[in-house]
Amino acid sequence: MRRLLLLRHAEAVPHVLTEKGDRARALTPKGQEQAASIGRQLSTLDLPSPIRILCSPAIRTRQTAQGVLAASDTDASLEIEDSLYSATADDLYGLIHATPETVGTLLIVGHNPTIGDFACDLLGLALQSARFSTLYRSYPLAGLTVLGVPGQWLDVRPSTIQPITLLQS
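Numbering-wise (my numbering), the sequence shown opens with residue 5 and increments by one.
So this is what it looks like as C-alpha coordinates:
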(Lines of atoms letter the chains of each structure in order from A and count residues from 1; the text may use other names and numbers.)
(Lines give C-alpha, C1' and ligand atoms only; values in the text may rest on other atoms or scores of the structure.)
Protein backbone atom coordinates (compact mmCIF):
# COMPACT_ATOMS: atom_id res chain seq x y z
CA MET A 1 0.00 0.00 0.00
CA ARG A 2 1.32 3.45 -0.91
CA ARG A 3 1.72 6.22 1.66
CA LEU A 4 0.72 9.87 1.48
CA LEU A 5 2.38 12.12 4.06
CA LEU A 6 1.30 15.69 4.73
CA LEU A 7 3.79 17.81 6.69
CA ARG A 8 3.42 21.36 7.91
CA HIS A 9 6.72 23.21 8.23
CA ALA A 10 8.37 23.48 11.64
CA GLU A 11 8.54 26.63 13.77
CA ALA A 12 9.91 29.63 11.87
CA VAL A 13 11.01 33.09 12.89
CA PRO A 14 8.13 35.58 13.16
CA HIS A 15 6.90 37.33 10.05
CA VAL A 16 8.24 40.85 9.75
CA LEU A 17 8.11 43.13 6.78
CA THR A 18 11.46 42.83 5.07
CA GLU A 19 12.79 43.18 1.59
CA LYS A 20 13.03 39.39 1.28
CA GLY A 21 9.44 38.78 2.41
CA ASP A 22 7.64 35.84 3.94
CA ARG A 23 9.32 33.23 1.74
CA ALA A 24 12.69 34.02 3.37
CA ARG A 25 11.59 33.13 6.92
CA ALA A 26 13.95 30.51 8.35
CA LEU A 27 13.42 27.90 11.03
CA THR A 28 14.16 28.76 14.63
CA PRO A 29 16.46 26.45 16.62
CA LYS A 30 13.27 24.89 18.05
CA GLY A 31 12.00 24.41 14.48
CA GLN A 32 15.23 22.68 13.49
CA GLU A 33 14.77 20.26 16.38
CA GLN A 34 11.12 19.72 15.43
CA ALA A 35 12.15 18.76 11.89
CA ALA A 36 14.81 16.38 13.23
CA SER A 37 12.27 14.84 15.63
CA ILE A 38 9.84 14.17 12.79
CA GLY A 39 12.70 12.69 10.76
CA ARG A 40 13.62 10.31 13.57
CA GLN A 41 10.00 9.24 13.91
CA LEU A 42 9.69 8.86 10.15
CA SER A 43 12.63 6.46 10.11
CA THR A 44 10.63 4.05 12.30
CA LEU A 45 7.89 3.75 9.68
CA ASP A 46 8.06 1.13 6.97
CA LEU A 47 7.58 3.45 3.99
CA PRO A 48 7.34 2.00 0.50
CA SER A 49 10.02 3.16 -1.93
CA PRO A 50 10.73 5.17 -3.88
CA ILE A 51 9.97 8.24 -1.79
CA ARG A 52 9.19 11.53 -3.50
CA ILE A 53 9.09 14.82 -1.61
CA LEU A 54 7.27 17.85 -2.98
CA CYS A 55 8.22 20.97 -1.06
CA SER A 56 7.12 24.58 -1.08
CA PRO A 57 9.87 27.00 -2.18
CA ALA A 58 9.79 28.92 1.13
CA ILE A 59 12.99 28.69 3.19
CA ARG A 60 11.16 27.28 6.24
CA THR A 61 9.62 24.41 4.27
CA ARG A 62 12.91 23.57 2.54
CA GLN A 63 14.73 23.60 5.89
CA THR A 64 12.00 21.39 7.37
CA ALA A 65 12.29 18.88 4.53
CA GLN A 66 16.09 18.87 4.73
CA GLY A 67 16.01 18.42 8.52
CA VAL A 68 13.56 15.53 8.21
CA LEU A 69 15.71 13.86 5.55
CA ALA A 70 18.94 14.29 7.49
CA ALA A 71 17.48 12.82 10.70
CA SER A 72 15.65 9.97 9.01
CA ASP A 73 18.50 8.83 6.79
CA THR A 74 15.83 8.32 4.13
CA ASP A 75 16.73 8.07 0.48
CA ALA A 76 14.24 10.35 -1.27
CA SER A 77 14.04 12.75 -4.16
CA LEU A 78 13.31 16.33 -3.05
CA GLU A 79 11.56 18.56 -5.56
CA ILE A 80 10.68 22.20 -5.05
CA GLU A 81 7.11 22.80 -6.20
CA ASP A 82 6.34 26.52 -6.58
CA SER A 83 2.57 26.03 -6.42
CA LEU A 84 2.80 24.72 -2.85
CA TYR A 85 3.55 28.17 -1.42
CA SER A 86 -0.03 29.34 -1.92
CA ALA A 87 -1.67 26.03 -2.78
CA THR A 88 -5.35 25.21 -2.51
CA ALA A 89 -6.85 21.78 -1.86
CA ASP A 90 -7.45 21.46 -5.60
CA ASP A 91 -3.76 22.14 -6.22
CA LEU A 92 -2.81 19.38 -3.77
CA TYR A 93 -5.19 16.93 -5.42
CA GLY A 94 -3.67 17.85 -8.78
CA LEU A 95 -0.13 17.19 -7.53
CA ILE A 96 -1.13 13.89 -5.95
CA HIS A 97 -3.12 12.72 -8.96
CA ALA A 98 -0.16 13.55 -11.25
CA THR A 99 2.27 11.46 -9.16
CA PRO A 100 3.79 8.61 -11.15
CA GLU A 101 2.46 5.19 -10.12
CA THR A 102 6.04 4.05 -9.52
CA VAL A 103 6.22 6.31 -6.43
CA GLY A 104 5.63 4.35 -3.21
CA THR A 105 5.51 7.29 -0.79
CA LEU A 106 4.65 10.92 -1.47
CA LEU A 107 5.56 13.51 1.17
CA ILE A 108 4.14 17.02 0.71
CA VAL A 109 5.79 19.76 2.78
CA GLY A 110 3.70 22.92 2.90
CA HIS A 111 1.90 25.56 4.88
CA ASN A 112 -1.23 26.09 6.90
CA PRO A 113 -4.09 26.52 6.45
CA THR A 114 -3.84 24.37 3.30
CA ILE A 115 -2.00 21.37 4.77
CA GLY A 116 -4.29 21.24 7.82
CA ASP A 117 -7.49 21.74 5.88
CA PHE A 118 -6.48 19.14 3.31
CA ALA A 119 -5.56 16.59 5.98
CA CYS A 120 -8.90 17.17 7.72
CA ASP A 121 -10.74 16.78 4.41
CA LEU A 122 -9.04 13.47 3.70
CA LEU A 123 -9.47 12.17 7.26
CA GLY A 124 -13.22 12.83 7.40
CA LEU A 125 -14.79 10.78 10.19
CA ALA A 126 -11.36 9.72 11.47
CA LEU A 127 -11.12 13.21 13.01
CA GLN A 128 -13.46 11.90 15.70
CA SER A 129 -10.87 9.34 16.83
CA ALA A 130 -8.50 10.21 19.68
CA ARG A 131 -5.52 9.86 17.34
CA PHE A 132 -6.61 12.66 14.99
CA SER A 133 -9.05 14.78 17.01
CA THR A 134 -6.47 17.51 17.75
CA LEU A 135 -6.29 18.31 14.04
CA TYR A 136 -9.84 19.54 14.07
CA ARG A 137 -8.79 22.46 16.28
CA SER A 138 -5.45 23.26 14.63
CA TYR A 139 -2.73 21.59 12.65
CA PRO A 140 0.52 21.62 14.65
CA LEU A 141 3.84 22.98 13.47
CA ALA A 142 5.88 20.03 12.18
CA GLY A 143 2.73 17.89 12.27
CA LEU A 144 2.86 14.91 9.91
CA THR A 145 -0.27 13.03 8.89
CA VAL A 146 0.38 9.56 7.49
CA LEU A 147 -2.28 8.11 5.21
CA GLY A 148 -2.50 4.80 3.39
CA VAL A 149 -3.33 4.82 -0.32
CA PRO A 150 -4.60 1.36 -1.29
CA GLY A 151 -5.19 2.24 -4.94
CA GLN A 152 -3.58 4.50 -7.48
CA TRP A 153 -2.52 8.09 -6.87
CA LEU A 154 -5.16 9.20 -9.35
CA ASP A 155 -7.83 7.71 -7.07
CA VAL A 156 -6.88 9.62 -3.88
CA ARG A 157 -9.91 11.23 -2.23
CA PRO A 158 -11.50 11.04 1.24
CA SER A 159 -13.32 7.79 0.56
CA THR A 160 -10.22 5.94 -0.67
CA ILE A 161 -7.53 6.71 1.90
CA GLN A 162 -6.80 4.90 5.15
CA PRO A 163 -5.81 7.01 8.18
CA ILE A 164 -2.66 5.61 9.75
CA THR A 165 -1.13 8.02 12.25
CA LEU A 166 -0.25 11.58 13.23
CA LEU A 167 3.33 12.33 14.19
CA GLN A 168 4.23 15.43 16.19
CA SER A 169 7.53 16.70 17.48
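Note that beta-carbon positions come from the ideal geometry of N, C-alpha and C, so glycine has one too.
- Query: For the stretch 36-110, which segments carrying the beta strand (DSSP E) assignment without a break, of at least 3 residues, lie completely within its bounds, in sequence order?
  - Reply: 55-59 and 80-84
- Task: Could you spell out where the alpha helix (DSSP H) holding L145 opens and where it closes?
- Result: No alpha helix (DSSP H) contains L145, which DSSP labels as neither H nor E.
- Query: What three-state label does DSSP hand G152 in the structure shown?
  - Reply: strand
- Message: Along the chain, where does the alpha helix (DSSP H) containing L127 start, and where does it finish?
- Response: T118 to L127
- Name the residue from T149, S41, H101 and V17 whose alpha carbon lies nearest to the alpha carbon of A62. V17
- Neighbour-count burial assignment, D90, 16 or more Cβ in a 10 Å radius: For the record, residue 90 in the displayed sequence is Ser; it is not Asp. S90 comes out exposed.
- For Q45 versus T68, is the C-beta distance shorter than 9 Å? no
- Message: Just to check my reading of the structure: R135 and T169 have Cβ atoms closer than 8 Å, yes? What is that Cβ distance to the nearest angstrom?
- Response: 7 Å
- Task: Compare the beta carbon distance of L35 and S76 with 9 Å and say whether it is the shorter of the two.
- Result: Before going further, note that residue 35 is Gly rather than Leu in the sequence given. No; because the gap between Cβ atoms is not below 9 Å, this pair is not in contact.
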